[in-house]
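Structure, as structure tokens:
Numbering (our numbering), first residue to last: 384 to 587.
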């Protein structure tokens with residue numbers, strides 16, 4: 384199996400459902416979640432920012448409006464989502480790179496990124512891939528760089544087998560084991576459609 388044919392969970396959870404992404408985002412209130420994540424990340428103009436699991440690109444496009452001079456890259460394994468992201472960026476006239484890649488094999492040099500962002504991606508990965516992804520985050524972050532992520536709060540989704548292990552304690556432990564410093568669960572929120580979610584941060 385080659386790198387480009389590894390299995391992955393696409394945006395909206397199933398192939399062929401991408402057309403529902405934008406209306407779901409509006410109904411679920413994900414734009415509000417994006418805004419809070421960007422507030423927490425505090426990326427500044429001129430910084431290099433990577434989003435892991437960018438899907439159709441909404442988070443980075445929102446960041447491009449805030450900090451138009453930033454160097455923005457999004458990676459995702461789903462080519463259909465990346466095509467949609469590139470079309471959105473072209474329509475809005477913003478510079479964002481979207482590349483096909485996996486969270487546990489980031490196509491960036493060591494110590495090259497100021498901020499790593501991730502929104503509702505982590506729970507799609509198997510446990511070993513989560514650990515590998517955090518090690519990759521540690522590798523690409525510059526000294527003083529930061530990871531900021533938000534994901535479903537497994538502590539509040541006890542009936543979901545996929546989310547059962549996604550507790551804040553476990554996520555913080557994974558970040559620490561990967562070599563990230565000062566990992567922390569920094570807040571919670573809730574949406575009518577998406578349920579409870581948790582914010583995290585860690586330093587290089």
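No residue lacks a Cβ here, since even glycine has one placed at the ideal position from N, Cα and C.
(message) Whole angstroms are fine: how far does the CA of residue 444 sit from the CA of residue 450?
(response) Position 67 of the chain shown, counted from the first residue, corresponds to residue 450. Position 61 of the chain shown, counted from the first residue, corresponds to residue 444. If you take the alpha carbons of residue 450 and residue 444, they lie about 10 angstroms apart.
(message) If you follow the alpha helix (DSSP H) that residue 513 is in, where does it begin and where does it stop?
(response) Translated into the one-based positions of the chain shown, residue 513 becomes position 130. Counting along the chain, the unbroken alpha helix (DSSP H) around residue 513 starts and ends at 510-523.
(message) Applying the 10 Å Cβ sphere with the 16-neighbour rule, what's the burial state of residue 398?
(response) By one-based count along the chain shown, residue 398 stands at place 15. Classification of residue 398: exposed, given that the 10 Å Cβ count is below 16.
(message) Within a Cβ cutoff of 7 angstroms, which residues of the same chain sit near residue 501, ignoring the five residues on either side of it in sequence?
(response) Taking the chain shown and counting its residues from 1, the one referred to as residue 501 is at position 118. Scanning its chain for C-beta atoms nearer than 7 angstroms, with the 5 sequence neighbours on each side dropped, one finds around residue 501 the residues 434, 435, 436, 532, in chain order.
(request) Just confirm the distance between the C-beta atoms of residue 567 and residue 583, as a whole number of angstroms; I'd bet it's less than 8 angstroms. (result) The residue given as residue 567 occupies position 184 in the chain shown. The residue given as residue 583 occupies position 200 in the chain shown. The pair is a contact, with the Cβ atoms about 7 angstroms apart (cut-off 8 angstroms).
(message) If distances are taken between C-alpha atoms only, which option among 520, 537, 575, 495 comes closest to residue 429?
(response) Against the chain shown, residue 429 aligns to sequence position 46. Proximity to residue 429 across 520, 537, 575, 495 peaks at 495, based on C-alpha coordinates.
(message) Can you tell me whether residue 542 is buried or exposed? The criterion is at least 16 other CB atoms within 10 Å of its CB, across all chains shown.
(response) Numbered from 1 along the chain shown, position 159 holds the residue referred to as residue 542. At residue 542, the pLDDT of 43 sits below 50, so the modelled position is not reliable and the matter cannot be decided from this model.
(message) By the three-class DSSP mapping on this structure, what secondary structure does residue 435 have?
(response) Within the chain shown, residue 435 is the residue found at index 52, counting from 1. DSSP places residue 435 in strand when its eight states are reduced to three.
(message) Using C-beta distances below 8 angstroms, list every residue in its chain close to residue 492, excluding the 5 sequence neighbours before and after it, in chain order.
(response) For the purposes of this step, residue 492 is identified with residue 109 of the chain shown, where counting begins at 1. Close CB contacts of residue 492 within its chain, under the 8 angstroms cut and outside five residues either way in sequence, are with 523 (chain order).
(request) Pick helix, strand or coil for residue 459, following the three-state DSSP scheme. (result) For the purposes of this step, residue 459 is taken as residue 76 along the chain shown, with counting starting at 1. In the three-state DSSP reduction, residue 459 falls in the strand class (E or B).
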